[in-house]
Amino acid sequence: MARFLSRDRLAALTDVEYDALGSLHFAVNDVRHEWVASGAVLERMIALSDHADHADESSRFSHRSEALSQVSRAASQYGRAVEAAMWPCVSAYTVLGITLLDRVVSGRAPLPSAVVRDLSAEPTVAELQTALSIPVASLRRARSPEFQASEREEQKELLNAVESIYFCLADPARDKPLDREQAAVCRLTEADDPGIDPLWDGLMEPLASLAEQNTLEIGYFLDQQH
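This is how it looks when you write it as structure tokens:
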């Protein structure tokens with residue numbers, strides 16, 4: 012991730028807005044490195060386990076495959092724990108960043124401290140959907156029509172991914188299926204089921220990139236005002 016912008020570059024933000032954005036930026040940055048590392052470990056363990064399973068087929072003993080299988084399960088559990096820690100930060104960084112970009116570009120008053128604190132916590136599905144519905148492409152610096160069209164397409168894909176979460180949460184195979192109203196006020200870490208693919212699958216990386224870009228765009232916009 013990019014270096015977080017200095018206080019001078021984000022001078023239009025209040026201290027609480029700046030501190031909240033910075034705290035989420037560094038949390039995402041640090042945990043993201045661990046997320047990538049844990050994924051690499053899991054891939055390596057799966058490959059080793061597959062090889063050991065094949066080798067042990069011709070052996071009277073299966074210590075190797077059993078040991079590696081145990082480590083693989085532990086690596087998977089650790090990776091899931093890292094994701095569960097990363098998701099609240101990534102989603103909150105996205106929502107807060109979009110909200111602040113919209114506020115600064117639109118010239119609205121600073122957010123009250125209580126609102127900033129609320130936006131710094133993991134959003135509900137509906138809150139994430141609302142933030143991602145803000146036309147970010149129109150808030151950014153002048154871009155080519157092709158670039159803006161690409162950004163609008165990316166926004167559409169993210170909204171489709173969030174919409175699919177509603178269907179996942181309503182799946183009868185889940186322990187506690189949720190209707191749309193229940194899902195709207197749900198937080199994904201609260202509904203996470205270790206026996207099912209994580210609800211944030213496919214959203215983590217694009218949201219991390221979007222959140223980082225939103226913060227940079229606030230700085231770029233303010234630079235142009237001087």
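Using our numbering, you'd call the opening residue of the sequence shown number 12 and step up by one each time.
Backbone N, C-alpha and C define an ideal beta-carbon position, used for all residues, glycine too.
**Q.** Stretch pair the stretch 52 to 65 + the stretch 73 to 91: three plus CB contacts closer than 8 Å
**A.** The stretch 52 to 65 and the stretch 73 to 91 touch, with no fewer than 3 CB-CB distances between them shorter than 8 Å.
Q.
Whether or not the stretch 41 to 51 and the stretch 96 to 104 are in contact is what I'm after, with contact meaning three or more pairs of Cβ atoms, one per stretch, closer than 8 Å; do they touch?
A. With the cut-off at 8 Å, the stretch 96 to 104 and the stretch 41 to 51 touch.
**Q.** Residue interval of the alpha helix (DSSP H) (run including E68)
**A.** Taken as a continuous stretch (DSSP letters only), E68 belongs to no alpha helix (DSSP H), as it is neither H nor E.
Q.
Rounding to the nearest angstrom, what Cα-Cα distance links R20 and D26 in this structure?
A. A straight line joining the alpha-carbon of R20 with that of D26 spans about 13 Å.
Q) From this set, D208, Y29, G108, which residue's C-alpha is nearest E228's C-alpha? A) The candidate whose alpha carbon is nearest that of E228 is G108.
Q) Residue ranges of each alpha helix (DSSP H) run of no fewer than 4 residues wholly in the stretch 173 to 213, ordered along the chain? A) With a minimum length of 4 residues, the continuous alpha helix (DSSP H) runs that stay inside the stretch 173 to 213 are 191 to 195, 199 to 202.
Q.
For a quick check, are the C-beta atoms of L139 and V106 less than 8 Å apart?
A. Yes, the Cβ-Cβ distance between L139 and V106 is below 8 Å.
Q: Taking A103 and S144 to be in contact with their CB atoms under 8 Å, please state how far apart those CB atoms are, rounded to whole angstroms.
A: Not confirmed; about 17 Å, so no contact.
Q) Excluding the five sequence neighbours on either side, which residues of its own chain have a C-beta within less than 6 Å of the C-beta of V136, listed in chain order? A) Leaving aside the five residues that flank V136 on each side, the residues in its chain whose CB is nearer than 6 Å to its CB run, in chain order, I176, A194, A195, C197.
Q) Using the beta-carbon count (16 or more within 10 Å), is A184 buried or exposed? A) A184 should be labelled exposed.
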